Amino acid sequence: MQAIIRFSLNNDVGSPLRNRLEGILVAAGFARGQNTATYRHEHIEPPQMSTTLRDFWAAVAAHQAGGRVDHFWMYTDRGFLDDMFGGAPNAGDAADNEDVD
Numbered sequence: 016m017q018a019i020i021r022f023s024l025n026n027d028v029g030s031p032l033r034n035r036l037e038g039i040l041v042a043a044g045f046a047r048g049q050n051t052a053t054y055r056h057e058h059i060e061p062p063q064m065s066t067t068l069r070d071f072w073a074a075v076a077a078h079q080a081g082g083r084v085d086h087f088w089m090y091t092d093r094g095f096l097d098d099m100f101g102g103a104p105n106a107g108d109a110a111d112n113e114d115v116d
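For the sequence shown, our numbering gives the first residue as 16, with consecutive numbering after it.
Below you can see the structure in the form of structure tokens.
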């Protein structure tokens, strides 16, 4: 599946967090767009995507210096949650919560 990730950071003086996160994405085969913070992988398998996301967020959680994720955006051209979990979380909630007369 194709995957695109974009994120922005606040207060990342000297870019240590950005450099760490970029290293994780590049090691997984993502390429950064020219003059942009968008990373694209043309063909990544769901298990590798899951591992990459786990490593990305673990690095964010472990980061002790200044710098925090302001936003994170991800696109895949297939249902990543369907592939990994057999459906989107809480997919049945709407039907489960309907009032029945």
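Glycine included, every Cβ here is placed at the ideal spot set by N, Cα and C.
Quick caveat: nothing in here was measured; it's all calculated off a predicted structure.
Where do the ends of the alpha helix (DSSP H) carrying residue i lie?
i, result
"residue 65", "61–77"
Answer yes or no: do residue i and residue j have a C-beta to C-beta separation smaller than 8 angstroms?
i, j, result
"residue 56", "residue 38", "no"
"residue 22", "residue 86", "yes"
"residue 19", "residue 89", "yes"
"residue 74", "residue 40", "no"
"residue 95", "residue 62", "no"
Where do the N-terminal and C-terminal ends of the beta strand (DSSP E) with residue i fall, by residue?
i, result
"residue 18", "18–25"
"residue 85", "83–91"
For residue i, collect the residues of the same chain with a Cβ closer than 8 angstroms to its Cβ; drop the 5 residues on either side in sequence, then sort them by chain order.
i, result
"residue 46", "54, 55 and 56"
"residue 115", "Because residue 115 carries a pLDDT of 46, less than 50, the predicted location of this residue cannot be relied on, and the following value inherits that uncertainty. Taken in chain order, the list of residues that qualify is empty."
"residue 26", "81, 82 and 83"
"residue 29", "none"
Which residues does DSSP list as the beta-bridge partners of residue i?
i, result
"residue 46", "55"
Apart from the five residues on each side of it in sequence, which residues of its chain come closer than 6 angstroms, Cβ to Cβ, to residue i?
i, result
"residue 51", "none"
"residue 59", "18"
"residue 91", "16 and 18"
"residue 93", "16"
"residue 67", "43"
In chain order, what residues of the same chain lie with their CB nearer than 7 angstroms to the CB of residue i, ignoring the 5 residues before and after it?
i, result
"residue 33", "24 and 27"
"residue 70", "39"
Cβ of residue i within 7 angstroms of any heavy atom in the ligand GTP?
i, result
"residue 36", "Inclusion of the ligand GTP in the displayed structure is not the case, the ligand content being empty and no account of it being possible."
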